[in-house]
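S.K.: Residue numbers (the numbering used here), protein chains in the order written: chain A, 1 to 158; chain B, 159 to 481; chain C, 482 to 878.
Every residue gets a Cβ at the ideal spot worked out from N, C-alpha and C, and that includes glycine.
These numbers were taken from a predicted model, which means no experiment stands behind them.
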C-alpha cells in the first residue's frame with residue numbers, strides 16, 4: 001500500500017500531466033482538478049499506473065457559473081476525485097467508458113439530470129427519465145423548478 | 159336396480175361428488191402438512207382447522223371475473239378446463255373401489271384398464287400444453303413448451319414402474335392386480351424401487367416442487383395458467399387436485415394392494431392409503447428446490463428410467479421364480 | 482430459432498420492486514438483456530437541496546427500507562467530517578452495532594428471497610422466521626423494526642443498557658446456531674446447489690471493469706470491502722475477515738453472504754463485550770462550513786457513496802447518493818447473457834437488488850407543459866424520438 005503523501009507526489013510528478021490542482025483534505029481522500037481535454041488521459045493514467053480501477057460514481061454540480069463533474073474513482077487504498085469544470089452554455093464532455101466500461105450508467109444519469117452532452121457515449125438512451133420527458137428539462141440544474149400539473153379526476157363534477 | 163347403482167357410482171361415489179369433496183380434502187391435507195413442515199400454520203379459518211378452505215377457494219374463483227384473451231381461440235380456450243376435468247374424473251372411475259367383483263366385472267373393470275387409467279392421466283398434460291399454447295402469451299407459451307418437455311422425461315419411467323407389479327401379478331386389470339397382492343403381500347417388497355420411481359414421476363406429473371417448472375411463478379409468472387382466470391382457473395385447479403387423488407389411488411392400487419371390502423371399509427382403506435402417498439408427495443415438495451427443465455430431463459433419463467428398467471427386470475425374475 | 486423479447490417487469494412475481502428487464506430469448510436461452518430504470522423515482526437528490534442537514538437524515542433513511550441505517554450513517558459521517566466533529570467512541574460502537582445487525586437482517590432476508598426465487602419455499606420460511614429475531618433486537622435497541630432513526634449528526638440518539646446487551650447476546654447465540662444450519666443446507670442440498678452453481682458467471686476481470694461492488698464483487702475473488710480498505714467509524718478496531726468465494730457464480734454469492742453473516746454476528750458479540758463507557762453524542766452546529774466530502778460505507782449490498790457539498794448555510798448545496806445496486810446493474814447484464822430463462826430471477830436476485838435505493842432522482846412529469854392540444858404524428862415522433870444506439874455496440878462494454 002502506497003503512502004498517501006507519496007502517492008500525491010507521484011501523481012503530481014507524473015510527466016505529461018497538466019493538473020490544475022491536487023489536494024488531500026483528509027485521510028484516504030484525494031481531489032484532483034483537470035482540464036476537460038485532459039480528462040481521458042488522466043483517468044487512463046490513474047487506472048493503469050495507480051490502480052484506480054473502480055468508478056464509484058460520477059456527480060454533477062451546478063455551480064451557476066459552470067458545471068462541475070466529479071469522477072469518484074477508488075482503488076483498494078484510497079478514494080480519488082477527478083474534478084472537471086465545463087462551460088454551462090455548451091456543456092460537453094468526453095465519455096470515459098472507453099477506459100472504464102462500468103461508468104456507463106453514471107454517464108447516462110448525468111446526461112439525464114444536467115443535460116450535459118457526453119461525447120462518444122456508447123448508449124445514449126435516457127436512463128432514469130421517461131421516454132416522453134419534455135426536452136430541455138434537466139431536473140438537477142439549479143434553475144429548474146417544477147410546477148405540478150393541476151390534478152384532474154376523470155368524471156369529476158365541474 | 160343396476161342402473162341406479164351405476165348412476166350412484168358415476169355421480170356420487172366414487173364419481174363426481176366424492177372426488178370433488180375428497181380432492182378438496184386432500185388439497186387441504188397437503189397444504190396443511192406442507193405448512194407445518196415449513197413451520198407455518200396453513201389454512202386455519204374456514205371450517206374447522208381450515209378444512210373448507212379449498213372449497214371456499216373453488217367457489218370464490220367461480221364468481222371471479224373471467225377473461226379470455228382477445229387473440230385466443232375462444233372455443234378451445236374455454237373448453238380445455240372442462241375436458242381436462244372430465245378426463246381425470248373418468249380416470250377416477252376405474253379405480254377398484256367398492257363396485258368390483260372379480261368374477262362379474264362391471265362396465266369399468268376389464269382387462270387393460272390400467273393402461274386406460276395411465277392414458278387418461280396423460281391427457282391433462284396435453285391439455286395444459288394446449289392451454290398454454292392457445293393463451294397467446296409469451297409466458298404461457300414458454301410454460302406450454304416446458305410441459306411437453308417434461309412429459310418426455312417422466313412418462314416413460316412412470317409407465318415402466320406402474321406396469322412392473324402388473325407383470326408379477328400377470329394381469330392388466332387393476333382389480334386383479336390388487337387382489338393378487340392381497341393374497342401375496344410379501345411380493346410387494348420387491349416393488350420398493352418401482353414405488354419410489356412412480357411417486358417421483360407422479361410428483362412431476364402433478365407439476366409440484368421440485369418439478370413445478372411449467373408454472374414457476376418467479377420465472378414465467380403463471381406459466382400455462384397466466385391468462386386463465388375465474389371459472390376456468392377453478393376447473394384447472396380442481397383438475398390438478400383430482401389428478402393427485404387419482405394418481406395416488408393408482409399408486410395405492412398397484413403398490414399397496416388396493417382397497418378390499420364393502421363400501422365403508424374400502425373407503426377407509428382408500429383414504430388411508432392415498433393419504434400416505436400424498437404425505438410422501440408433500441414431503442418431497444417441502445424438501446427440494448425447483449430444478450431447471452434441462453436438469454429435470456437429465457435426472458429422469460439418467461436415474462429414474464434406469465431404475466424403472468431395473469425394477470422391471472426384478473419383476474420378471476420374481477415372476478420366473480414364483481411362476 | 483426465432484428470437485422473442487419477453488418483459489420481466491415492471492410487474493413480475495420475481496421482482497418485489499418495479500424495474501424492467503427486457504430479455505431477448507431463443508428458446509430457453511437468453512441472448513440479450515436490457516435494463517430500464519425509472520419506475521420508482523422520488524426526486525430525493527433534488528429534495529435534499531431544500532432541506533436542512535437534520536431533516537436530511539430522515540430523508541436519507543427513507544431512501545430504502547432494508548438499508549436505512551447504511552444511508553444515514555454514510556450521510557452523517559460525511560457531515561461530521563465537514564464540520565470536523567469528533568464522535569465519542571461509544572457512539573461509534575453503537576452505530577456499528579446497528580449497522581452489523583442490519584447487515585445480518587439484510588442477508589437473512591436475501592437468503593430467503595434467493596431460496597424463494599429458486600422455488601425452495603421451505604428455506605424461505607425458515608430464514609424469514611429467524612429474521613424476526615434480528616428485527617426484534619433492532620426494535621429493542623432503537624424502538625423501530627425498519628427505520629431505526631438512531632443516527633444523528635455527532636453520534637447516536639439512544640444508549641444501551643445491561644438488559645439490552647444481554648438480550649442481544651442471547652439473540653446472537655441463537656442466530657449463530659441457525660446460520661450454521663443454513664450454511665450446511667444452502668451449500669449441500671443437491672437440488673438447490675444444482676440450481677445455483679455455475680449460474681450467472683462473472684469473471685474477475687469483468688467484475689473489475691464493470692465496477693461491481695459488495696458481495697457480487699467478493700464472489701469473484703476480489704477481497705474488496707470498504708470496512709477493511711477504507712475503515713470508517715470504529716471499524717479499524719474490530720477483528721473480522723473479508724469473505725470471498727472463488728466460484729464467481731450465484732453459489733459463490735450465497736457462500737459470501739452466509740459467511741459474512743457469521744462474521745457480522747462475531748462483530749456484534751465483540752462490540753457488546755467491548756462497549757466503551759462515555760457519552761454517545763456531541764452537539765453539532767446547525768450551519769455547516771463550506772466544503773465538500775466523499776463518504777463511503779459498506780452497506781449489506783456493497784459500497785455506498787455519498788458526495789456532500791456544503792455552502793455555509795444549513796442546507797447542502799449538493800447531495801449525491803449512489804446506492805450499491807446501481808453499480809451492480811452493468812455486471813448483471815453481463816451475467817444474464819447466455820443464461821437460461823429459469824435463471825433470470827436467481828441471477829437478478831443474486832445482486833440483492835434494491836430498486837428504491839438505486840433510483841432517487843426525479844419527480845413526476847409534467848406531460849402537458851408546453852404542448853399543444855393536437856399534435857401531428859411527425860411532431861410527436863420528433864418530440865419523443867429516441868436516440869439511436871450505435872450499431873457496433875454491445876451493451877454495456
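(1) Whose CA, out of 783/C, 524/C, 518/C, lies closest to the CA of residue 140/A?
(2) Just verifying my parser: in three-state terms, what is the DSSP assignment at residue 636/C?
(3) Apply the 10 Å Cβ neighbour rule to residue 395/B and answer buried if 16 or more other Cβ atoms are within range, or exposed otherwise.
(4) Specify, as a first and last residue, the run of the alpha helix (DSSP H) that residue 411/B falls within.
(5) Within 7 Å of any Cβ in chain C, is that where the Cβ of residue 76/A sits?
(6) For residue 138/A, which three-state DSSP category applies?
(7) Quick one: residues in its chain with C-beta nearer than 8 Å to the C-beta of residue 66/A, no 5 flanking neighbours on either side, listed in chain order?
(8) Quick one: is residue 491/B near chain C, going by C-beta distance under 7 Å?
(9) Starting from residue 170/B, trace the alpha helix (DSSP H) both ways and give me its first and last residue.
(10) Would a check of beta-carbon distances place residue 138/A closer than 7 Å to chain C?
(11) Determine the burial state of residue 25/A: buried for a count of at least 16 other Cβ atoms within 10 Å of its Cβ, exposed for fewer.
(12) Does any CB atom of chain B fall closer than 7 Å to the CB of residue 491/C?
(13) For residue 510/C, does the count of other Cβ atoms within 10 angstroms reach 16, so buried, or fall short, so exposed?
(14) Starting from the Cα of residue 117/A, find the closest Cα among 36/A, 30/A, 32/A and give me that residue.
(15) Report back the beta-carbon spacing between residue 403/B and residue 250/B to the nearest angstrom; my notes put them in contact at under 8 Å.
(16) Please name the residue or residues paired with residue 66/A in a DSSP beta bridge.
(17) Taking Cβ-Cβ distances below 7 Å as the criterion, which residues of the region 601-635 of chain C are in contact with chain B?
(18) Measuring CB atoms only, is the region 281-294 of chain B touching the region 231-238 of chain B, in the sense that at least three cross pairs come out at less than 8 Å?
(19) Any beta carbon from chain A within less than 7 Å of residue 589/C's own beta carbon?
(20) Check distances from the C-beta atoms of the region 710-726 of chain C to those of chain A and list, in chain order, the residues that come in under 8 Å.
(21) Ordered along the chain, which non-local residues of its own chain (more than five positions away) have a Cβ less than 7 Å from that of residue 370/B?
(22) Take residue 150/A and list the residues in its own chain whose beta-carbon comes closer than 7 Å to its own, dropping the five residues that flank it on each side.
(23) Quick check on the burial criterion: 16 or more other C-beta atoms within 10 angstroms. Buried or exposed for residue 75/A?
(24) According to DSSP, is residue 629/C helix, strand or coil?
(25) Flag this pair as touching only if the region 327-336 of chain B and the region 561-573 of chain C have three or more C-beta atom pairs under 8 Å; answer yes or no.
(26) From what residue to what residue does the beta strand (DSSP E) around residue 501/C run?
(27) Taking just the CA atoms, how far does residue 580/C sit from residue 703/C?
(28) Use the C-beta contact count for residue 573/C: other C-beta atoms within 10 angstroms, 16 or more gives buried, fewer gives exposed.
(29) Taking residue 759/C as the reference, which of 559/C, 733/C, 640/C, 742/C has the closest Cα?
(30) Going by DSSP in three states, residue 492/C sits in which element: helix, strand or coil?
(31) Applying the criterion that 16 or more other CB atoms from any shown protein chain within 10 Å of the CB defines a buried residue, is residue 431/B buried or exposed?
(32) Whose CA, out of 405/B, 198/B, 193/B, 225/B, lies closest to the CA of residue 320/B?
(33) Mind checking if residue 438/B is an interface residue toward chain C, Cβ cutoff 7 Å exclusive?
(34) Terminal residues of the continuous alpha helix (DSSP H) containing residue 718/C?
(35) Which same chain residues end up closer than 8 Å to residue 400/B when comparing Cβ atoms and leaving out the 5 residues on each side of it in sequence?
(36) In the structure shown, what three-state DSSP assignment does residue 76/A receive?
M.R.: Per the coordinate set shown:
(1) By alpha-carbon distance to residue 140/A, the top candidate from 783/C, 524/C, 518/C is 524/C.
(2) strand
(3) buried
(4) The continuous alpha helix (DSSP H) containing residue 411/B extends over residues 388-413.
(5) In terms of beta-carbon proximity, residue 76/A lines the interface with chain C, with at least one pair separated by less than 7 Å.
(6) coil
(7) 85, 86, 87, 88
(8) An answer regarding residue 491/B cannot be provided, because it is not within the stretch 159 to 481 covered by chain B.
(9) Looking at the DSSP string, residue 170/B is not in any alpha helix (DSSP H), and its letter there is neither H nor E.
(10) no
(11) exposed
(12) no
(13) exposed
(14) 36/A
(15) 7 Å
(16) 87/A
(17) 601, 602, 603, 606, 607, 610
(18) Touching, yes, given that three or more Cβ pairs across the two stretches are closer than 8 Å.
(19) no
(20) 710, 711
(21) 448
(22) Within the same chain, no residue comes within 7 Å of residue 150/A by CB-CB distance, once the 5 residues on both sides are set aside.
(23) buried
(24) Looking at residue 629/C - three-state DSSP - the assignment turns out to be coil, as it is neither helix nor strand.
(25) no
(26) 501-507
(27) 23 Å
(28) buried
(29) Nearest option by C-alpha distance: 640/C.
(30) coil
(31) buried
(32) 405/B
(33) no
(34) Counting along the chain, residue 718/C falls outside any alpha helix (DSSP H), and DSSP gives it neither H nor E.
(35) 177, 178, 181, 243, 246, 247, 250
(36) coil
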